[in-house]
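Notes to accompany the following structure.
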Amino acid sequence: MPVDTTAQDAAAAPHTRAFRALLLDLDGTLVDTAPDMIGVLDTLCDECGVARVPYARARSRVSTGVYTMLELAFGKLPPAESERLRERFLYHYADNLAHGSQLFDGIAEVLGELDGAGVPWGVVTNKPSAYSEPLLAALGVGQRAHCVVSGDTTEHSKPHPEPLLAASRALQVDTSACLFVGDAEIDIRAGKAAGMFTVAAAYGYIEQRDSVDRWCADAVIQAPLELRRWFGDAWS
Numbered sequence: 127m128p129v130d131t132t133a134q135d136a137a138a139a140p141h142t143r144a145f146r147a148l149l150l151d152l153d154g155t156l157v158d159t160a161p162d163m164i165g166v167l168d169t170l171c172d173e174c175g176v177a178r179v180p181y182a183r184a185r186s187r188v189s190t191g192v193y194t195m196l197e198l199a200f201g202k203l204p205p206a207e208s209e210r211l212r213e214r215f216l217y218h219y220a221d222n223l224a225h226g227s228q229l230f231d232g233i234a235e236v237l238g239e240l241d242g243a244g245v246p247w248g249v250v251t252n253k254p255s256a257y258s259e260p261l262l263a264a265l266g267v268g269q270r271a272h273c274v275v276s277g278d279t280t281e282h283s284k285p286h287p288e289p290l291l292a293a294s295r296a297l298q299v300d301t302s303a304c305l306f307v308g309d310a311e312i313d314i315r316a317g318k319a320a321g322m323f324t325v326a327a328a329y330g331y332i333e334q335r336d337s338v339d340r341w342c343a344d345a346v347i348q349a350p351l352e353l354r355r356w357f358g359d360a361w362s
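Numbering (my numbering), first residue to last: 127 to 362.
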């Protein structure tokens, strides 16, 4: 029986794909939020008299959410205490959204070129809108995004495909013509379930024991500027 090599050929020769929109995860893909997220974790550790988590170790968990970061410092906690610390974390984070956070190197250039070429792009994140939208606004990209789908925008969050399907509808671009980039396995799972071409951001927040290769993304990039390989024809 002949082997279907369509996906392999597309990954090997990405310039042959005609993508009409770019969607990006937020933490660890679009924005390096680790300085502020870890800064808040350090504040909580100091408040509670607990040793701070080494930066590199904490960085690898930023994309996995607040509960996971808290577990690094405090271990397994009773639900009530875990929720109390989460609320305390978010209280501090609301005032420290963009003190040290910044776009990853190369992102500004890619977004600027997409804007110039009239190619829509958007953000799909599990971060609640109360934090994602002010952060994007503070970094000067919120108004430029053609859509922002946050963790509370739809009933389900990633790895469910619903947020990506909502983004596709907002952009009025078929999912097959959307490229989605993320730095976590749940991003790739969500993108595939939505029928999008998936790209793993190896520069993001990935645990040392993890490997982007096992996520089975359609492609892997080591830096944001590599996204030009799929959209370069739009402005060449």
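Even glycine gets a Cβ: it sits at the ideal position worked out from N, Cα and C.
Going by DSSP, what residues sit across from residue i in a beta bridge?
{"i": "C304", "result": "A147"}
{"i": "D158", "result": "Q228"}
{"i": "T324", "result": "F306"}
{"i": "I347", "result": "A327"}
{"i": "D221", "result": "D221 is not bridged to any residue."}
Please state the DSSP three-state secondary structure of residue i.
{"i": "P128", "result": "At P128, the pLDDT of 40 sits below 50, so the modelled position is not reliable and the matter cannot be decided from this model."}
{"i": "I314", "result": "helix"}
{"i": "C174", "result": "helix"}
{"i": "G248", "result": "strand"}
{"i": "V275", "result": "strand"}
{"i": "D168", "result": "helix"}
{"i": "D153", "result": "strand"}
{"i": "A138", "result": "The predicted model places A138 with a pLDDT of 44, which falls under 50 and marks its position as unreliable; any figure quoted below should be read in that light. Residue state, collapsed to three classes: helix."}
{"i": "I332", "result": "coil"}
{"i": "P260", "result": "helix"}
{"i": "E281", "result": "coil"}
{"i": "R210", "result": "helix"}
{"i": "L265", "result": "coil"}
{"i": "G358", "result": "helix"}
{"i": "V242", "result": "In the sequence as presented, Val is not what sits at residue 242; that position holds Gly. Reduced to three states, the DSSP call for G242 is helix."}
{"i": "I233", "result": "helix"}
{"i": "V192", "result": "helix"}
{"i": "S337", "result": "coil"}
{"i": "L203", "result": "coil"}
{"i": "S186", "result": "coil"}
{"i": "R270", "result": "coil"}
{"i": "P254", "result": "coil"}
{"i": "P180", "result": "coil"}
{"i": "P289", "result": "helix"}
Between residue i and residue j, which are expected to be in contact by the criterion C-beta below 8 Å, what is the C-beta distance as a whole number of angstroms?
{"i": "P287", "j": "A263", "result": "In fact, because the Cβ distance is near 27 Å, the residues do not count as touching under 8 Å."}
{"i": "E311", "j": "W341", "result": "5 Å"}
{"i": "D236", "j": "L351", "result": "Correcting the residue type first, residue 236 is Val in the shown sequence and not Asp. So it is a contact: roughly 7 Å between Cβ atoms."}
{"i": "L290", "j": "L149", "result": "7 Å"}
{"i": "C273", "j": "A296", "result": "4 Å"}
{"i": "S258", "j": "L167", "result": "The Cβ separation is near 19 Å, so there is no contact."}
{"i": "N222", "j": "G165", "result": "6 Å"}
{"i": "D300", "j": "S227", "result": "Actually they are not in contact, since the Cβ atoms of D300 and S227 sit about 32 Å apart, beyond 8 Å."}
{"i": "L198", "j": "A184", "result": "6 Å"}
{"i": "N252", "j": "G191", "result": "7 Å"}
{"i": "A349", "j": "G232", "result": "6 Å"}
Shorter than 8 Å, the distance from the beta carbon of residue i to the closest heavy atom of the ligand FAD, or not?
{"i": "D339", "result": "This structure simply doesn't include the ligand FAD, nor any ligand for that matter."}
Inset, instruction - Could you say if the stretch 263-281 and the stretch 318-326 meet the contact criterion of at least three C-beta pairs nearer than 8 Å? - result: no
Inset, instruction - Spell out a yes or no on whether the stretch 334-344 and the stretch 155-171 are touching, meaning 3 or more CB-CB pairs, one atom from each, closer than 8 Å. - result: no
Inset, instruction - Inspect the CB distances between the stretch 165-178 and the stretch 239-257 and report whether three or more fall short of 8 Å. - result: no
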